[in-house]
Amino acid sequence: MKLVAMALLVTSVRLMGLSDTTSECLKSLLKSRVISCSMTSMSLEPPTLHTARLRLRPLGHSDEDALFRLHSNLEVVRYWDAPAWTDRANATGFINKVHRMADEGTGIRLAVELGSDQTFIGWCSLDDWNPDFRSVGLGYSYVVAAWGYGYATEAARALLLWGFENLDLNRVQAETDTRNPASAHVLEKLGFIREGTLREDCIVNGEISDTWVFGLLRKDWFAAQG
Ligand SMILES: CC(C)(COP(=O)(O)OP(=O)(O)OC[C@H]1O[C@@H](n2cnc3c(N)ncnc32)[C@H](O)[C@@H]1OP(=O)(O)O)[C@@H](O)C(=O)NCCC(=O)NCCS
Numbered sequence: 007m008k009l010v011a012m013a014l015l016v017t018s019v020r021l022m023g024l025s026d027t028t029s030e031c032l033k034s035l036l037k038s039r040v041i042s043c044s045m046t047s048m049s050l051e052p053p054t055l056h057t058a059r060l061r062l063r064p065l066g067h068s069d070e071d072a073l074f075r076l077h078s079n080l081e082v083v084r085y086w087d088a089p090a091w092t093d094r095a096n097a098t099g100f101i102n103k104v105h106r107m108a109d110e111g112t113g114i115r116l117a118v119e120l121g122s123d124q125t126f127i128g129w130c131s132l133d134d135w136n137p138d139f140r141s142v143g144l145g146y147s148y149v150v151a152a153w154g155y156g157y158a159t160e161a162a163r164a165l166l167l168w169g170f171e172n173l174d175l176n177r178v179q180a181e182t183d184t185r186n187p188a189s190a191h192v193l194e195k196l197g198f199i200r201e202g203t204l205r206e207d208c209i210v211n212g213e214i215s216d217t218w219v220f221g222l223l224r225k226d227w228f229a230a231q232g
């Protein structure tokens, strides 16, 4: 069975025109069961991760109500690159997109809940995975009641560790509105370096804003972990 899957992977890699190095990297990921593949695409298996206070688990349609409350909250989306949700169908579309990301192997987005009582507090993601460049984007959003307890940093640290170990990442990129100091501080606590500013990058509801680009490199991550 493993041999069949391996043959399929090699064929998929050829079809996608990926390099030999990427092919080797993907073969090792297949062995570790993080990815699986068909003739035309690879999928990612969203993990369940545990930290001291949190559980990160795959998102599902049962999370739609909580997601709708989160993304329709004006305080939460104050510095978001999209307007607040006004239609619950947005939540269904969000979950469909999460499943598509995993199926197409472009990223994973996990629900974050309190380990003590499984209360949903937000989500955290690795998206735009590029196996050739070994790069990915980091994103997150949390309910207001959960802000200020270090949860965003704790969850992102666990997901980054998973990504560096399982996707063989070399670079993680994150972007924040320049007026969002809490998010910038989360990234700095994780070891990200602020690399530049995208001027007038977003226009949401007619409001123009600048974006900071942050990057975290594999060598810096592992050096910081000791
Ligand atoms: C940004 C966000 C994820 C932070 O979540 P959180 O769980 O409160 O983050 P943490 O507690 O891990 O860390 C936040 C840090 O920012 C600091 N902080 C909070 N507000 C701040 C402000 N106005 N100015 C400067 N620092 C601030 C906190 O003190 C904390 O630092 P500390 O641990 O050194 O005290 C959360 O506010 C959120 O979900 N916001 C809405 C969605 C969003 O903006 N997502 C990010 C898009 S890029």
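Quick note, the sequence shown lines up with residues 7 to 232 if you use my numbering. By construction, the Cβ of each residue, glycine as well, lies at the ideal position given by its N, Cα and C atoms. Remember, predicted model here, so these are calculated numbers, not experimental data.
For the pair aspartate 133 and glycine 113, the CB atoms are nearer than the 8 Å cut-off. The shortest CA-to-CA distance from alanine 164 to any of Arg115, Ala88, Leu50, Lys225 is the one to Arg115.
Every beta strand (DSSP E) stretch that sits fully inside the stretch 66-131 and reaches 3 residues is listed by chain position as 114-120. Residues of the same chain with their beta carbon placed closer than 6 Å to that of asparagine 102 are lacking, with the five preceding and five following residues left out of the count. DSSP lists Ser141 as the bridge partner or partners of asparagine 136. Arginine 177 is bridged by DSSP to Ser141, Leu223. Under the DSSP assignment, glutamate 201 falls in the beta strand (DSSP E) whose first and last residues are 199-210. Within its own chain, the residues whose Cβ lies closer than 6 Å to the Cβ of glycine 121, once the five positions on either side in sequence are excluded, are Arg59, Leu60, Arg61, listed in chain order. A Cβ-Cβ distance of about 14 Å is found for the pair leucine 193 and valine 142, leaving them out of contact under the 8 Å criterion. In summary, threonine 182 is buried, with 16 or more beta-carbon neighbours lying within 10 Å of its beta-carbon over all protein chains present.
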